[in-house]
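What follows is a single structure, written as structure tokens, with notes after it.
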Amino acid sequence: MKTETSQQASGEAFEKSLEKLEADLKFLLVDIFGSRYMSKFDDNKVSEKHKINKKIAEMFTNNIGFIISGGVGVGKTMALIYIYKQIIYNLSRQAREEKDAFSLDLSKYAKKVQVFFAPKLFSLLHNAEKVNTSEFIIIDDIGREYAEPFALSQFEVFIEDIYKRKDVNLIITTNLSLTQFRDRDGWARINDRLMEICSWIEIRGESRRHR
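So this is what it looks like as structure tokens:
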């Protein structure tokens with residue numbers, strides 16, 4: 000009887016921890032991506048979800064990142080929200096399978112994921128601020144940054160640091176096509192590195208924002 004009571008209490012503690020993880024994750028996503036995006040987010044409406052799931056699985060198996068290309072408004076940022084959630088779920092999988100309530104602490108997993116908006120990242124690099132790397136790095140909207148020479152040289156160092164480490168996974172979104180991405184003036188060495196450590200996925204279609 001005592002064992003049953005103990006198991007029940009343990010199960011209830013796990014369920015509460017799981018609920019807290021989900022609630023904390025929701026607040027964190029609002030903080031990172033903004034309430035407007037989160038108010039419209041729907042797991043079931045993520046563009047190219049099947050392809051993205053394959054890329055996520057490949058990333059966790061082989062440490063291969065990916066670049067998501069697509070026009071304005073096709074759903075790249077929504078895809079990033081989904082990807083962020085899946086990273087957290089993958090990192091917390093063992094704790095969830097073992098029903099380990101004490102290990103279901105979002106901060107433990109969230110510190111392994113960094114999200115940068117490309118113009119903001121380049122602003123940091125322009126000011127010579129140190130940008131640390133983590134296990135998962137997400138850069139949203141490459142192509143919109145002001146890449147003056149110093150910031151670009153610092154970004155090259157940043158990417159080189161990622162390239163050297165097999166434990167860092169990079170995810171990028173861009174409005175640029177594959178040809179535009181590869182042929183950017185002054186980016187040859189950077190893009191050569193990026194194309195080696197990341198695969199490419201394109202989201203086609205028209206903007207969804209005004210539907």
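As numbered in numbering that gives the first Met the number 0, residues 0 to 210 make up the sequence shown, in order. Glycine is no exception: its CB is placed at the ideal position from the N, C-alpha and C atoms. Computed from a predicted structure; not experimentally measured.
Between the alpha carbons of residue 28 and residue 116 lies a distance of about 14 Å. Separation of the CB atoms of residue 91 and residue 103 is rounded to 6 Å, and the pair is thereby assigned contact status at 8 Å. Excluding five sequence positions before and after residue 155, the CB atoms of its chain that fall closer than 6 Å to its own CB belong to 189, given in chain order. For residue 132, there is no enclosing alpha helix (DSSP H), as DSSP marks it with neither H nor E. In the three-state reduction of the DSSP assignment, residue 140 falls in the strand class, which pools E and B. The alpha-carbon separation between residue 95 and residue 56 amounts to approximately 18 Å. Classified as exposed, residue 206 has fewer than 16 neighbouring CB atoms from the shown chains inside 10 Å of its CB. Contact between residue 120 and residue 138 holds: CB atoms are separated by about 6 Å, below the 8 Å threshold. Under the three-state reduction of DSSP, residue 102 is assigned to helix.
Between residue 186 and residue 146, the gap from beta carbon to beta carbon is short of 9 Å. The beta carbons of residue 73 and residue 46 sit about 6 Å from each other, so the pair counts as a contact at 8 Å. Judged by DSSP in its simplified three-state form, residue 14 adopts helix. Under the three-state reduction of DSSP output, residue 21 falls in the helix class. Taking a cut-off of 8 Å on C-beta distances, the segment 62 to 70 touches the segment 158 to 170, as three or more cross pairs fall below it. For residue 97, the secondary structure class from DSSP, reduced to helix, strand or coil, is coil.
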